[in-house]
Amino acid sequence: MLSRTASNLFWMGRHLERAETAARLLDVGQRITLMPNTETGYQNEWNSLLQASGTSDLFARKYGEITQEKVEEFIFFDRDNPSSVVGCLEKARESGRIVRTALTSQVWDALNVAYQELRHLERKPRAAVDTASLVDFTTGHTSTVRGAINATQLRNDGWHFMNLGYGLERADATARLLDVKYFVLLPRIEFVGSGLDTYQWQVILRALSAHRAYHWAYGGDITAGQVADFLILNGESPRALITSLYETVWHLEGLARRYGEAVPNAARDKARETLAALQDRNIEMIFDEGLHEFLSWFIGELSEISNLVHQDYLQGGA
Amino acid sequence: MMSYYNEMFEGDKVRDPYARLRDWVETMPDDFRQMKQAEAEALFRRIGITFAVYGEGGDPDRLIPFDMMPRVFEQAEWRRLERGIKQRARALNAFLRDVYGRGEIIRAGRIPARLVYQNEAYEKAVVGVVPPRGVYSHIIGIDLVRTAKDEFYVLEDNCRTPSGVSYMLENREIMMRMFPQLFRGNKIEPVDQYPELLRRTLESVAPAKCSERPTCVILTPGHFNSAYYEHSFLANLMGVELVEGQDLFVDGEFCYMRTTTGPKRVDVIYRRIDDPYLDPLCFRPDSMLGIPGLMDVYRSGGVSICSAPGAGVADDKAIYTFVPEMVRFYLGEEPILNNVQTWTLWKDDDYRYVMENLGDLVVKEVHGSGGYGMLVGPKSTKEEIEAFRAKIQANPSNYIAQPTLSLSTCPTFVDEGIAPRHVDLRPYCLCGDRIELVPGGLTRVALREGSLVVNSSQGGGVKDTWVLSE
Numbered sequence: 196m197l198s199r200t201a202s203n204l205f206w207m208g209r210h211l212e213r214a215e216t217a218a219r220l221l222d223v224g225q226r227i228t229l230m231p232n233t234e235t236g237y238q239n240e241w242n243s244l245l246q247a248s249g250t251s252d253l254f255a256r257k258y259g260e261i262t263q264e265k266v267e268e269f270i271f272f273d274r275d276n277p278s279s280v281v282g283c284l285e286k287a288r289e290s291g292r293i294v295r296t297a298l299t300s301q302v303w304d305a306l307n308v309a310y311q312e313l314r315h316l317e318r319k320p321r322a323a324v325d326t327a328s329l330v331d332f333t334t335g336h337t338s339t340v341r342g343a344i345n346a347t348q349l350r351n352d353g354w355h356f357m358n359l360g361y362g363l364e365r366a367d368a369t370a371r372l373l374d375v376k377y378f379v380l381l382p383r384i385e386f387v388g389s390g391l392d393t394y395q396w397q398v399i400l401r402a403l404s405a406h407r408a409y410h411w412a413y414g415g416d417i418t419a420g421q422v423a424d425f426l427i428l429n430g431e432s433p434r435a436l437i438t439s440l441y442e443t444v445w446h447l448e449g450l451a452r453r454y455g456e457a458v459p460n461a462a463r464d465k466a467r468e469t470l471a472a473l474q475d476r477n478i479e480m481i482f483d484e485g486l487h488e489f490l491s492w493f494i495g496e497l498s499e500i501s502n503l504v505h506q507d508y509l510q511g512g513a
Numbered sequence: 003m004m005s006y007y008n009e010m011f012e013g014d015k016v017r018d019p020y021a022r023l024r025d026w027v028e029t030m031p032d033d034f035r036q037m038k039q040a041e042a043e044a045l046f047r048r049i050g051i052t053f054a055v056y057g058e059g060g061d062p063d064r065l066i067p068f069d070m071m072p073r074v075f076e077q078a079e080w081r082r083l084e085r086g087i088k089q090r091a092r093a094l095n096a097f098l099r100d101v102y103g104r105g106e107i108i109r110a111g112r113i114p115a116r117l118v119y120q121n122e123a124y125e126k127a128v129v130g131v132v133p134p135r136g137v138y139s140h141i142i143g144i145d146l147v148r149t150a151k152d153e154f155y156v157l158e159d160n161c162r163t164p165s166g167v168s169y170m171l172e173n174r175e176i177m178m179r180m181f182p183q184l185f186r187g188n189k190i191e192p193v194d195q196y197p198e199l200l201r202r203t204l205e206s207v208a209p210a211k212c213s214e215r216p217t218c219v220i221l222t223p224g225h226f227n228s229a230y231y232e233h234s235f236l237a238n239l240m241g242v243e244l245v246e247g248q249d250l251f252v253d254g255e256f257c258y259m260r261t262t263t264g265p266k267r268v269d270v271i272y273r274r275i276d277d278p279y280l281d282p283l284c285f286r287p288d289s290m291l292g293i294p295g296l297m298d299v300y301r302s303g304g305v306s307i308c309s310a311p312g313a314g315v316a317d318d319k320a321i322y323t324f325v326p327e328m329v330r331f332y333l334g335e336e337p338i339l340n341n342v343q344t345w346t347l348w349k350d351d352d353y354r355y356v357m358e359n360l361g362d363l364v365v366k367e368v369h370g371s372g373g374y375g376m377l378v379g380p381k382s383t384k385e386e387i388e389a390f391r392a393k394i395q396a397n398p399s400n401y402i403a404q405p406t407l408s409l410s411t412c413p414t415f416v417d418e419g420i421a422p423r424h425v426d427l428r429p430y431c432l433c434g435d436r437i438e439l440v441p442g443g444l445t446r447v448a449l450r451e452g453s454l455v456v457n458s459s460q461g462g463g464v465k466d467t468w469v470l471s472e
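Here is the structure:
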């Protein structure tokens, strides 16, 4: 497979997942602003959200003061924001168009329809679209594409590259969402264990569409320790760090088996190593280490795996 | 008022090849057409067949209008066209072999040396390089118009990278999907073997150094190009990689593509980029589309390039006037297809005649394409004619002139129902170890009443082209 094709498939997966993350961030922010609040108003929450997605500077430069409308515009519609829903869906569709020869017609169709409807949505007056429908629009379309991929794509190297993109991006996204919680919580340490704290954890679960799943897995109460365990170390939880990483390793191993020893396997080795390090931890150790410190380490590992994928496969050995 | 040949009627009688279609149209329920038209558009949009028009901005995903009324040839008509096209393709390739070799036709005084050797498309870099099987132009799109039952004229030969073949294939696909009843009984010859023939043609011109089954690729300028859809479509149907310049590199005597399992040798490149962009070391140094060092590999027989660099010298509008001469000179045959009478403005007599009769003629830039930079005298205002006259005076040798032909018309669906509209035809001739073409081509139709300009960049549409078997 052409390196450029592999690269576009990889980034198509990443951008689709990233679009979904942007929508989920919007959902988290929206729900947090609805909760009983402190005297500083909702600005802090929106700001921590922007910080977690690494775009708060860009936002400040372009928009200045934070309002819900501005954040919504920025996270969903703004093409200057490389992580916006519109930006990511457009890039995913563009990657798909470049590698149309590697996509089934059903996948292309789902991708193209999402893009056409997005353009339609953009032309609507902003007042006519609420946050919830933007979030639904995004998760609905990304699920359709994902479904088409699983139902129709050949299980070949291209499929592995797409899913590698999904896996790495999803691990990154969950880590960043968890980090939002950290940023929100940090200035008000006295809230730990309070009703507000629980509410915030709930919001994160809801944003990941994992509220019901959490209850299946842990029963009654929502506690910080259990939610963190669910999202970091529970291998049954579909968006958990460990699950995403496990899938990443699985796809890298698929590539290694397919390509044989003649092709370097640095990315696979690194991913295995990170997975092992994760498997060695329990949630108490992570809290002792500091949630934010742990997440920063993890995000760093992901970025290194990404770089190694690039070196192993996407440069074409020239 | 000119009279036009109507392809469907002979006097008041419907011609045989169109009989079936006439019945179809007559029994068509009301609203059926609008419904089907909308369905066709949705299909085209869905599969993403779009055509971006250069320099117009606007919708990059514009559709070319598709007309559901096919254009039909009977077997005997087609066989004659086919013989004429193949003959022309052989002559054009013989001409290219000659002018990059000994230049016999010039020594014989049949073509002025200046027109060849000072032609912009003449590549000195490939003089003396004979490509495999002596084929320079592998895909030739010859534009034809019809003026009477048995009169066809060649408007232009496209020897470099003629586009539009994806429309030929998709138009058929969509017609078959929407109107299967029209195709039952198998009277319409299929065209879908084209990608397979193209792949075989490319493989048949693999370079001498290629010992295994040749690896062929299509080289595209990228997804911003207006014909990108066609490039990916053909790659898909042929099962070959669609590459950009950045995917290829030269190492030693071969060219390779970058793959996930390391470098893979490439033997045949069907390029859809122009000569000047092929290799920044040889042609334009600012080209980001090409592959540094490619021309060295090409010259030493490490890779085949289709069409060969320099092939464009054969499809120049100035050289065009000499193609019948080439047929006689190289093949010793009389041309089966006629040229349109052409005045070349660098000749004094022609210049005088054209300037006196501008209002009746079509004037074209020698290197123009896509219907840009031309004057259609009878359809222009006095001001437009005078403005064009000034351009000609400034640089006469940049222009040729032709009479306005009475292009045939074909029944076409328009708002009011069915009406005659002018059409042309571009069949695609493949030249490798054999010379072949599929029975059909791309029919372009001028959708505006009375318009003679069929180019898609000028608002023309397309229709399916049928060749009926005996």
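The listed protein sequences correspond, in order, to chains U and X. Under our numbering, the first residue of the first sequence is numbered 196, with each subsequent residue one higher. Under our numbering, the first residue of the second sequence is numbered 3, with each subsequent residue one higher. Note that CB positions come from ideal geometry on N, CA and C, so glycine has one too.
Asked	Found
By Cβ distance, which residues of its chain are closer than 6 angstroms to G375 of chain X, with the 5 residues on each side in sequence left out?	E367
So what does G419 of chain X bridge to, in DSSP terms?	X:V416
Short check: CB of V455 of chain X to CB of D69 of chain X, under 8 angstroms?	no
Kindly indicate the opening and closing residues of the beta strand (DSSP E) around S261 of chain X.	Looking at the sequence provided, one finds Thr at residue 261 of chain X rather than Ser. Run containing T261 of chain X: F256 to T261, per the beta strand (DSSP E) assignment.
Once you ignore the five residues that flank I384 of chain U on each side, which residues in its own chain have a CB closer than 6 angstroms to its CB?	The predicted model places I384 of chain U with a pLDDT of 48, which falls under 50 and marks its position as unreliable, so this point remains unresolved.
Counting C-beta neighbours from all protein chains within 10 Å, is the total for D252 of chain U 16 or more, i.e. buried, or is it exposed?	exposed
Relative to chain X, which residues along the segment 351-366 of chain U have a C-beta separation below 9 angstroms, given in chain order?	D352 and F356
Can you tell me the Cα-Cα spacing of G463 of chain X and R318 of chain U, whole angstroms?	29 angstroms
DSSP three-state call for A115 of chain X: helix, strand or coil?	helix
Three or more C-beta pairs under 8 angstroms: does that hold for the segment 316-330 of chain X against the segment 273-287 of chain X?	no
What residues of chain U sit near S234 of chain X, judged by a beta carbon separation below 9 angstroms?	R292, I293, V294, R295 and T296
Does the pairing of the segment 404-417 of chain X with the segment 6-19 of chain X give three or more beta-carbon distances under 8 angstroms?	yes
Let me confirm a value: G379 of chain X is counted as buried when at least 16 other C-beta atoms fall within 10 Å, else exposed. Which label applies?	buried
With a Cβ-Cβ cutoff of 8 angstroms, do L402 of chain X and K319 of chain X count as a contact?	Reading the sequence as shown, one finds Ile at residue 402 of chain X and not Leu. Yes, the Cβ-Cβ distance between I402 of chain X and K319 of chain X is below 8 angstroms.
Since D145 of chain X and A316 of chain X should fall inside the 8 angstroms C-beta cutoff, what is the C-beta to C-beta distance between them, to a whole number of angstroms?	With a Cβ gap of about 14 angstroms, D145 of chain X and A316 of chain X do not count as contacting.
Looking at C-alpha atoms only, which residue of X:A21, X:L117, X:R35 and X:R162 is the closest neighbour of S309 of chain X?	X:R162
Shorter than 8 angstroms from the beta carbon of L211 of chain U to some beta carbon of chain X?	no
Whole-angstrom Cβ separation of E448 of chain U and R209 of chain U, contact assumed at under 8 angstroms?	That pair is no contact at about 20 angstroms.
Could you tell me the boundaries of the alpha helix (DSSP H) in which S439 of chain U lies?	L436 to Y454
Would you call the CB atoms of V137 of chain X and C433 of chain X closer than 8 angstroms?	yes
Near L316 of chain U, what residues of its chain come up, given a Cβ to Cβ distance below 6 angstroms and the 5 sequence neighbours on each side ignored?	none
Can you name the start and end residues of the beta strand (DSSP E) that P326 of chain X belongs to?	P326 of chain X -> not in any beta strand (DSSP E); alpha helix (DSSP H) instead, spanning V325 to M328.
Please list the terminal residues of the continuous alpha helix (DSSP H) segment that includes E172 of chain X.	V167 to M180
How is F226 of chain X classed by DSSP in three states: helix, strand or coil?	coil
Going by other Cβ atoms of all chains shown within 10 Å of its Cβ, with 16 needed for buried, is T262 of chain U buried or exposed?	exposed
Would you kindly work out how many angstroms separate the C-alpha atoms of R109 of chain X and L360 of chain X, rounded to a whole number?	35 angstroms
To be precise: take each residue of the segment 68-87 of chain X, compare its Cβ to all Cβ atoms of chain U, and keep it if any distance is under 7 angstroms. Which residues remain?	none
Around the Cβ of D351 of chain X, are there at least 16 other Cβ atoms within 10 angstroms (buried) or fewer (exposed)?	exposed
Check whether the segment 298-314 of chain U and the segment 267-277 of chain U are in contact - that is, three or more C-beta pairs closer than 8 angstroms.	no
Return helix, strand or coil for W476 of chain X, following the three-state DSSP convention.	The structure shown has nothing for residue 476 of chain X, since chain X only spans 3 to 472.
Beta carbons nearer than 8 angstroms to chain U: which residues of the segment 250-269 of chain X have them?	F251, D253, Y258, M259, R260, T261, T262, T263, G264 and P265
Could I get the ranges of all uninterrupted beta strand (DSSP E) runs contained in the segment 230-287 of chain X, with 3 residues as the minimum, in chain order?	243-245, 250-253, 256-261, 264-268 and 270-273
With the cut-off set at 8 angstroms, would you say F97 of chain X and Y332 of chain X are in Cβ contact?	yes
Alpha carbon to alpha carbon, how far is R434 of chain U from L490 of chain U?	15 angstroms
Going along chain U, which residues have a C-beta under 7 angstroms from A237 of chain X?	T296
Give me the Cα-Cα distance between V294 of chain U and L450 of chain U, rounded to the nearest whole angstrom.	19 angstroms
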